[in-house]
Every structure is written in structure tokens, then in C-alpha cells.
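Below: the structure, in C-alpha cells.
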Amino acid sequence: MSSKKIFLIAEIGINHNGSIKKAKELISLSKKVGFDAVKFQKRTPEITTPKNKANTIRETPWGKITYLEYKKKLEFNRKEFNEIDKFCKKINILWFASPWDIESNDFLNFYKLKYNKIASPMLTNLDLLNAVAKQRRFTFISTGMSKMNDVETAVKIFKKHRCKFNLMHCVSAYPCQDKDLNLSLIQIYKKKFKVDVGYSGHEKSVSPGLMAACLGATSIERHVTLDRTMWGTDHAASLEEDGMRNLVNMIRKFEISLGDGTKKFLSSEKSKLKENKYW
Numbered sequence: 128m129s130s131k132k133i134f135l136i137a138e139i140g141i142n143h144n145g146s147i148k149k150a151k152e153l154i155s156l157s158k159k160v161g162f163d164a165v166k167f168q169k170r171t172p173e174i175t176t177p178k179n180k181a182n183t184i185r186e187t188p189w190g191k192i193t194y195l196e197y198k199k200k201l202e203f204n205r206k207e208f209n210e211i212d213k214f215c216k217k218i219n220i221l222w223f224a225s226p227w228d229i230e231s232n233d234f235l236n237f238y239k240l241k242y243n244k245i246a247s248p249m250l251t252n253l254d255l256l257n258a259v260a261k262q263r264r265f266t267f268i269s270t271g272m273s274k275m276n277d278v279e280t281a282v283k284i285f286k287k288h289r290c291k292f293n294l295m296h297c298v299s300a301y302p303c304q305d306k307d308l309n310l311s312l313i314q315i316y317k318k319k320f321k322v323d324v325g326y327s328g329h330e331k332s333v334s335p336g337l338m339a340a341c342l343g344a345t346s347i348e349r350h351v352t353l354d355r356t357m358w359g360t361d362h363a364a365s366l367e368e369d370g371m372r373n374l375v376n377m378i379r380k381f382e383i384s385l386g387d388g389t390k391k392f393l394s395s396e397k398s399k400l401k402e403n404k405y406w
């Protein structure tokens, strides 16, 4: 197991529902409870919206609009991301985002972010993977919605471009049931690919994050929300404030409790032995 501090990512994603005010509230909350970074998503809706869905009508908080218009309503652009960048620097928390197309990847390059992210749905988008890997920016690679050969291909691309990365075990069910978590894959990835492995969870509970840490996850990402009953696709599989705080506290306590593996004979043990020793 790694002795490094586990990197905790609060996945805000699109749970801001298109509101910069909500985004800042989620950033502040993530900082307050102790996450290391917040993560968003960046799309060019005209590119990333499937053609067979673009003109379908959807009931939204903005009324009945096409799916494409709905995706545009959720999308942050330069003005909003400038505010996010400024706000995160002000309160001293890292931020990054998962690009869903090459244009969005170019957009994010403007901010010279420390990290990049491959979202699970993009794992087989090989043009995007190559564009991201060529930048050689440390990348978290989520592996939901894929087969093992897809993961192998992604690993080869990032190794070819000598881009450091962290594989993240992920099951892209919203929310994911306990029987489908398959957390043993964390250790299988570590053994197979000889890389650090993290966990990106979409379950309702907090405990799988701690289990992932016990299995050697070096990074843990969880969707976060102000209210799990809010309108939107990801809120139900996200953690509210209490869950966020519990996850951070449990993992930090686990790290302290883990120790360094060196056998010690503590002074408190010596005094206790003295009380019990009769020989």
C-alpha cells in the first residue's frame, strides 16, 4: 500500500445546474470539509450531443426545450470558468475538469491546470485520449462504461506519450448498487498495469470510499451536491455536506491509523506490561 496521502476529489460536474452561485457554494463546501480538489466537466454541446437526441424535447427547469438547448443551459464558458479559477485561487483549492471533446480540451489549456481527467464515457474516444496524453499533464482516467481491452488501449496511449496517470476504477451506474461495486478491481488494476489506482464512486453511501482506500486507492473521487433531491441526472448519486465530511474524516483517520508498518513497543504498552508481568 502507498504511504502517500490519498488525493480526494469533489466532483461537482454539472451539479451546479448552470448556476455559478451554486458552483461557488459547492467549491466552498468542498474546501471546508477537506477535499484536495474540485472537478468540473467541459463540453462543446454542438459536438458532444448525440444527433439522435439533439432535437428531442425535455422537461427542464427552463421549460420544455430541446436536449441540445438543455445541454447549453448547463454549460459554463469562459466567463464562468474565469470566475471559478479566480475563486479557487482565492480560497486555495485546486480545480480541474474533464474535457468531453478536443475543443473543450483546448479551452481548458488556457488555465494551465495541474491535472486533467478522462471521463468514463470518453475512454474509447481515442482522438481525445491522444490529445490529452500529448500534453503530458498528470491525468486521472476513469474506467467505467468499458471492457478490459478498452482500459488496456487507454493505458498504452498514455504510456506511449509518456504522460503520467492514475487509473480510476469506476462503475458508471447512477447510483451504483453495492453488488455492482466490484472494488476488487482496484488491486487487479494495480497488479496488471503496475500503476497507482484510484476510485471514482457513484453510490449513495460513504463506506465504499473507505473500502477503496483500504484496498490501496491513491485517489478517491465522489460526486457532491447541495441537495440530493435537486433536479438533474447526478444529484441522487452524490454526497451532501454530511456525507462529504464523513468521507474525508474517515479516510484521514484511516491514513493516521495505518501507520508505517514498523513494529513498535510504545511506552504506554511498556507500562501496561509492567502491570501484568509476573515472571
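Per the numbering used here, the very first residue in the sequence shown carries number 128; after that it's consecutive.
Cβ coordinates follow ideal geometry from the N, Cα and C atoms, glycine included.
query	result
Cβ-based burial, residue 283 [other Cβ within 10 Å; buried from 16]	exposed
Residue closest to residue 331, alpha-carbon to alpha-carbon, out of 356, 132, 321, 317	356
Cβ-Cβ distance between residue 300 and residue 133 below 8 Å	no
Span of the alpha helix (DSSP H), counted from its first residue to its last, around residue 295	No alpha helix (DSSP H) contains residue 295, which is instead part of the beta strand (DSSP E) from 292-297.
Segment contact, 8 Å Cβ cut-off, at least three pairs: the segment 165-183 with the segment 205-222	yes
Close-in-space but distant-in-sequence residues of the same chain around residue 128 (CB under 6 Å, 5 per side omitted)	Confidence in residue 128 is poor, its pLDDT being 45 and thus under 50, which makes the residue's placement unreliable; the coordinate value appears in the next sentence. Closer than 6 Å at Cβ, skipping near neighbours: 343.
C-beta contact flag for residue 297 and residue 266 at 8 Å	no
Contact set for residue 243: own chain, Cβ-Cβ below 6 Å, skip 5 residues either direction	259, 264, 266
Residue 162 beta carbon less than 8 Å from that of residue 375	yes
Proximity to residue 143 [Cα-Cα], best of 268, 281, 208	208
Nearest candidate by alpha-carbon position, reference residue 328, set 314, 320, 348	348
Option in 175, 353, 226 with minimal Cα separation from residue 137	353
Coil, strand or helix - residue 350 by DSSP	strand
Buried/exposed call for residue 289, threshold 16 Cβ in 10 Å	exposed
Contact check, residue 454 vs residue 181, beta carbons under 8 Å	Since the first residue of the chain shown is 128 and the last is 406, residue 454 is not available in this structure.
Beta-carbon contacts of residue 346 that lie in its chain and below 6 Å, excluding the five residues immediately before and after	134, 293, 325
Buried or exposed (CB count within 10 angstroms, at least 16 for buried), residue 414	Given that the chain is displayed from residue 128 to residue 406, the structure contains no residue 414 and the question cannot be resolved.
Residue 402, DSSP secondary structure in three states	helix
Residue 170 and residue 247 closer than 8 Å at C-beta	no
Three-state class that DSSP yields for residue 247 in the structure shown	helix
Contact set for residue 186: own chain, Cβ-Cβ below 8 Å, skip 5 residues either direction	none
Minimum C-alpha distance to residue 315 - residue among 278, 291, 303	278
Assigned secondary structure, residue 192 (DSSP; H/G/I helix, E/B strand, else coil)	strand
Residue(s) in a DSSP beta bridge with residue 167	140, 224
Simplified DSSP assignment, three categories, for residue 324	strand
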